[in-house]
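S.K.: Below is one structure. I have some questions about it.
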Amino acid sequence: MIHDAEYKKMPFVEEEGYVERLVQQVTDRTVSQRRKSMQRTVLVRVAASIAAVAIIGGASSRFLSCSNILSPDSPLDSFLAGLSDDEASQLDYYDIEEYYAEEQ
Amino acid sequence: MTTPSDDTDIIGMLRDDLKREDGFRLLMQRYGDTLYWYIRRIVVGHDDAEDVLQETAMSIFCHFGQFRGEAPQFKTWLYRVATNESIQLLRQRTRFFQSIDSLSPSLEETLKAENPVDGDKAGMLLQQALLTLPTQQRIAFNMRYFDEMTYEEIAQVTGKNVNTLKANYHFAREKVDKYIKGQIE
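Chains as they are written, first to last, in the working numbering: chain Y, 398 to 501; chain U, 1118 to 1302.
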């Protein structure tokens, strides 16, 4: 058995230094792709966290806006609060049947 | 061949988040050339060998966490990754339900096309003879003959039984000898 570096290469022919350069290129490309992949992973995680916060925030703000309808500061409450006692009592007496009777 | 402590250092660096890149660079410095020629003998084509070396490097770097062994198993693990990537490329070259062994004629064409007529004739004849072997047998033969690995190491790479490998190697040698004699006569 022949024991030298050339023996391993036979019969394939490559330029002097080709394999060294190839190995260097492959190494650099792998490290760079790995870095990009790690950065992508970090970005995806950040984006996922932001999305999660937005979803949870959106849900809670929807909850808040629903409760706003019932809050004392809603437009209906403000309108009612602005009425005088007389105006309020007129609303109490308002009857749809009377309204139709008057129309007829 | 490296001493166990060299591989131990590389493994230690690869397992350390802060030293992983340096460990990978050391690994490629030490094994890149060997892996290239190992892959080249399986896939034969120049461009294919480049592609498979790249895939092998990516697999080694990205899936190193799956390696649970220590220095004595390190080299065989690298060979296993390179073997799997090489076989995957050969599978991509086949059509539906075709075995990778059926690729031998096209690999022989590539071998002739990429190597000069006045090149290493003995080496060429040996490679042609090896291409008559089933792919798995050819890979095992390459590891034993060119990479001078022990049957135990080849068994770790291929997952085959040591005695089966010995018998296969014996039959492969006989077949290769017969082919070469037939070509010379």
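No residue lacks a Cβ here, since even glycine has one placed at the ideal position from N, Cα and C. Being a predicted model, the structure only gives us computed values, none of them experimental.
Can you name the residues of chain Y whose CB is closer than 7 Å to the CB of Gln1209 of chain U?
M.R.: For this step, residue 1209 of chain U is matched to residue 92 along the second sequence. Here the premise fails: no neighbours, minimum Cβ distance about 19 Å.
S.K.: Note down the Cα distance separating Asp1311 of chain U from Pro1189 of chain U, rounded to an integer number of angstroms.
M.R.: Given a span of 1118 to 1302 for chain U in the structure shown, any question on residue 1311 of chain U remains unanswerable.
S.K.: Can you confirm whether Val428 of chain Y, when its beta carbon is compared against all beta carbons of chain U, has any partner nearer than 8 Å?
M.R.: Residue mapping note: residue 428 of chain Y aligns to position 31 of the first sequence, counting from 1. Cβ-Cβ to chain U under 8 Å: yes for Val428 of chain Y.
S.K.: Along the segment 441-456 of chain Y, what residues have a CB closer than 7 Å to any CB found in chain U?
M.R.: none
S.K.: Where does the unbroken alpha helix (DSSP H) through Lys1277 of chain U begin, and where does it stop?
M.R.: Indexing the second sequence from 1 puts residue 1277 of chain U at position 160. Segment: none, Lys1277 of chain U is in no alpha helix (DSSP H) and carries neither H nor E.
S.K.: Would you call the segment 424-436 of chain Y and the segment 1168-1185 of chain U touching, i.e. three or more CB-CB distances under 8 Å?
M.R.: yes
S.K.: Assuming Leu419 of chain Y and Tyr1196 of chain U are in contact, meaning their beta carbons sit under 8 Å apart, how far apart are those beta carbons, in whole angstroms?
M.R.: Numbered from 1 along the first sequence, position 22 holds the residue referred to as residue 419 of chain Y. Numbered from 1 along the second sequence, position 79 holds the residue referred to as residue 1196 of chain U. Wrong, their Cβ atoms sit about 19 Å apart, outside the cutoff.
S.K.: Tell me whether the beta-carbon of Lys1292 of chain U lies closer than 8 Å to the beta-carbon of Thr1249 of chain U.
M.R.: One-based indexing of the second sequence puts residue 1292 of chain U at position 175. One-based indexing of the second sequence puts residue 1249 of chain U at position 132. In this structure, Thr1249 of chain U lies closer than 8 Å to Lys1292 of chain U by Cβ.
S.K.: Can you look up Lys1283 of chain U in the DSSP assignment and give me helix, strand or coil?
M.R.: Your numbering for residue 1283 of chain U matches position 166 in the second sequence. In the structure shown, Lys1283 of chain U sits in a helix (DSSP, three-state: H, G or I).
S.K.: Along the chain, where does the alpha helix (DSSP H) that runs through Thr1227 of chain U open and close?
M.R.: Position 110 of the second sequence, counted from the first residue, corresponds to residue 1227 of chain U. Where Thr1227 of chain U is concerned, the enclosing alpha helix (DSSP H) stretches over Ser1221 to Glu1231.
S.K.: Would Met435 of chain Y pass as an interface residue toward chain U - the criterion being a Cβ-Cβ separation below 8 Å?
M.R.: Sequence index remark: in the first sequence, residue 435 of chain Y carries index 38 (1-based). Among the CB atoms of chain U, none fall inside 8 Å of the CB of Met435 of chain Y.
S.K.: Using a Cβ cut-off of 7 Å, pull out every chain Y residue sitting near Gly1236 of chain U, in sequence order please.
M.R.: Position 119 of the second sequence, counted from the first residue, corresponds to residue 1236 of chain U. By Cβ distance, chain Y contributes Pro408 and Val410.
S.K.: Can you say whether Tyr1155 of chain U is buried or exposed, counting buried as having 16 or more other CB atoms within 10 angstroms of its CB?
M.R.: Here residue 1155 of chain U corresponds to residue number 38 of the second sequence, with the count starting at 1. That one is buried.
S.K.: The segment 1251-1262 of chain U: which residues have C-beta closer than 7 Å to a C-beta of chain Y, in chain order?
M.R.: Answer in chain order: no residues at all.
S.K.: Hey, quick one: how far does the alpha helix (DSSP H) through Gly1240 of chain U stretch, first residue to last?
M.R.: In the second sequence, residue 1240 of chain U corresponds to position 123, counting from 1. That run of the alpha helix (DSSP H) goes Lys1238 to Leu1247.
S.K.: Between Met1130 of chain U and chain Y, is there a C-beta pair that is closer than 8 Å?
M.R.: Taking the second sequence and counting its residues from 1, the one referred to as residue 1130 of chain U is at position 13. No, no contact with chain Y.
S.K.: Determine the chain Y residues that contact Pro1222 of chain U at a beta-carbon separation under 8 Å, and present them in chain order.
M.R.: As a position in the second sequence, residue 1222 of chain U is number 105, starting the count at 1. In chain order: nothing, as chain Y lies at least about 18 Å away.
S.K.: Please check if any C-beta of chain U sits within less than 8 Å of the C-beta of Val439 of chain Y.
M.R.: The residue you call residue 439 of chain Y lines up with position 42 of the first sequence. No, its Cβ sits nowhere closer than 8 Å to a Cβ of chain U.
S.K.: Strictly below 9 Å CB to CB, what residues from chain U border Arg418 of chain Y?
M.R.: As a position in the first sequence, residue 418 of chain Y is number 21, starting the count at 1. Under the 9 Å cutoff, chain U gives no residues; its nearest Cβ is about 11 Å from Arg418 of chain Y.
S.K.: Return the Cβ separation of Thr1173 of chain U and Ala1199 of chain U in integer angstroms, given the expectation that the two are a contact with Cβ distance under 8 Å.
M.R.: By 1-based counting over the second sequence, the position of residue 1173 of chain U is 56. By 1-based counting over the second sequence, the position of residue 1199 of chain U is 82. Yes, they are in contact, since the Cβ atoms of Thr1173 of chain U and Ala1199 of chain U sit about 5 Å apart, within 8 Å.
S.K.: Could one say the Cβ of Ser464 of chain Y lies closer than 8 Å to chain U's Cβ atoms, at least one of them?
M.R.: For the purposes of this step, residue 464 of chain Y is taken as the residue at position 67 of the first sequence. In this predicted model, Ser464 of chain Y has a pLDDT of only 49, less than 50, meaning its place in the structure is not dependable; the value taken from the coordinates is given anyway. Chain U, which has no Cβ nearer than 8 Å to the Cβ of Ser464 of chain Y, makes this no.
S.K.: Mapping the DSSP letters down to three states, classify Phe1263 of chain U as helix, strand or coil.
M.R.: Residue numbering aside, residue 1263 of chain U sits at position 146 when the second sequence is read from its first letter. It is coil, neither helix nor strand.
S.K.: Closer than 9 Å, Cβ to Cβ, to anything on chain Y: give me those residues from the segment 1278-1292 of chain U, in chain order.
M.R.: none
S.K.: Tell me whether Leu1135 of chain U sits in a helix, a strand or coil according to DSSP, three-state version.
M.R.: Within the second sequence, the letter at position 18 stands for residue 1135 of chain U. It is coil, neither helix nor strand.
S.K.: Where Asn1232 of chain U and Tyr1262 of chain U are concerned, what is the direct C-alpha to C-alpha distance, given to the nearest angstrom?
M.R.: For this step, residue 1232 of chain U is matched to residue 115 along the second sequence. For this step, residue 1262 of chain U is matched to residue 145 along the second sequence. Each residue's alpha carbon lies about 21 Å from the other.
S.K.: For Thr1109 of chain U, which of helix, strand or coil comes out of DSSP?
M.R.: In the structure displayed, chain U extends from 1118 to 1302; residue 1109 of chain U sits before or after that span and is not available.
S.K.: So, helix, strand or coil for Pro1121 of chain U, using DSSP?
M.R.: As a position in the second sequence, residue 1121 of chain U is number 4, starting the count at 1. With a pLDDT of only 45 at Pro1121 of chain U, under the threshold of 50, the placement of this residue in the model should not be trusted, and no figure is reported.
S.K.: Starting from Glu1167 of chain U, trace the alpha helix (DSSP H) in both directions and tell me its first and last residue.
M.R.: For the purposes of this step, residue 1167 of chain U is taken as residue 50 along the second sequence, with counting starting at 1. Here the alpha helix (DSSP H) through Glu1167 of chain U covers His1163 to Cys1179.
S.K.: So which residues of chain Y does Asp1124 of chain U contact, with C-beta pairs closer than 9 Å?
M.R.: Position 7 of the second sequence, counted from the first residue, corresponds to residue 1124 of chain U. Within 9 Å Cβ-Cβ: nothing; Asp1124 of chain U doesn't reach chain Y, min ~17 Å.
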